[in-house]
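Please read the structure below before turning to the comments.
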């Protein structure tokens, strides 16, 4: 298994998911959160997870879920991404290797919230803060905040506003453990521009597979 993450999120179509995995994405994200325009039902998540098996890891993204929902999803997908306000007590109900814990950072002070989860071995993800949405806004996190978060917690994935056009500059500046892109690679919510998606993956892979 590669020691970096290139995640493309918000997939709703199993053919696109397979193409994205074949292009070299390590993780394929699907949204299970009804308020998101990219939400898909469990049956579709299972179909996509089956389609990409052996090619990439499947990730179900949830926001403040019930424990039973996470347990059910973990029977279907490889990893659950907790993208809400889940605390450590809740997160610890699930194995570190099967969870990505997301943090929406407003300022430098918010970074300290990541520490307890990092110490327990969870892979972390940082995203831009929005009052209105939990993710998929296309907003970029402040580079200064991102650099500091990665410096303190190296196993951190960077999300928020990443595209095939800015990925090279962002990777050189922040050097995160992984990257996660969604809205900037879309033709419409849940449906990717595959040309942009493949370029994003290729540029990210070039960075991670070189000595950068």
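Numbering (our numbering), first residue to last: 261 to 472.
For glycine and all other residues, C-beta sits at the position ideal for the given N, C-alpha and C.
These figures come from a predicted structure and were not determined experimentally.
Using CA atoms only, rank isn't needed, just tell me which of the options is closest to residue i.
| i | options | result |
| --- | --- | --- |
| residue 338 | 461, 470 and 320 | 320 |
| residue 251 | 432, 455 and 448 | This structure cannot speak to residue 251, because the chain is shown only from 261 to 472. |
| residue 404 | 361, 304, 263 and 433 | 433 |
| residue 374 | 283, 326, 420 and 346 | 346 |
| residue 441 | 369, 371 and 280 | 280 |
| residue 300 | 333, 418 and 352 | 333 |
| residue 335 | 315, 316 and 303 | 303 |
| residue 420 | 411, 430 and 412 | 430 |
| residue 274 | 290, 446 and 352 | 290 |
| residue 270 | 380, 449, 399 and 263 | 449 |
| residue 315 | 464, 411 and 288 | 288 |
| residue 369 | 412, 328 and 358 | 412 |
| residue 327 | 318, 305, 466 and 352 | 352 |
Can the beta-carbon of residue i be found closer than 8 Å to that of residue j?
| i | j | result |
| --- | --- | --- |
| residue 308 | residue 277 | yes |
| residue 211 | residue 354 | Because residue 211 is not part of the residues shown, which for the chain are 261 to 472, the question remains open. |
| residue 414 | residue 382 | no |
| residue 312 | residue 438 | no |
| residue 388 | residue 401 | yes |
| residue 406 | residue 427 | no |
| residue 361 | residue 377 | yes |
| residue 417 | residue 283 | no |
| residue 365 | residue 409 | yes |
For a test of the three-state rule: what should DSSP assign to residue i, helix, strand or coil?
| i | result |
| --- | --- |
| residue 299 | strand |
| residue 364 | strand |
| residue 451 | strand |
| residue 263 | coil |
| residue 401 | coil |
| residue 322 | strand |
| residue 306 | helix |
Give the C-beta separation of residue i and residue j to the nearest angstrom, bearing in mind that I take them to be a contact with Cβ-Cβ under 8 Å.
| i | j | result |
| --- | --- | --- |
| residue 272 | residue 451 | 7 Å |
| residue 293 | residue 322 | 6 Å |
| residue 344 | residue 367 | At roughly 19 Å, the Cβ-Cβ gap does not stay under 8 Å, so residue 344 and residue 367 are not in contact. |
Does the Cβ of residue i have 16 or more other Cβ atoms within 10 Å, making it buried, or fewer, making it exposed?
| i | result |
| --- | --- |
| residue 348 | exposed |
| residue 443 | buried |
| residue 436 | buried |
| residue 396 | In this prediction, residue 396 has a pLDDT of 48, which is less than 50 and means its spatial position is unreliable; nothing more can be read from the coordinates. |
| residue 296 | buried |
| residue 298 | buried |
| residue 470 | exposed |
| residue 447 | exposed |
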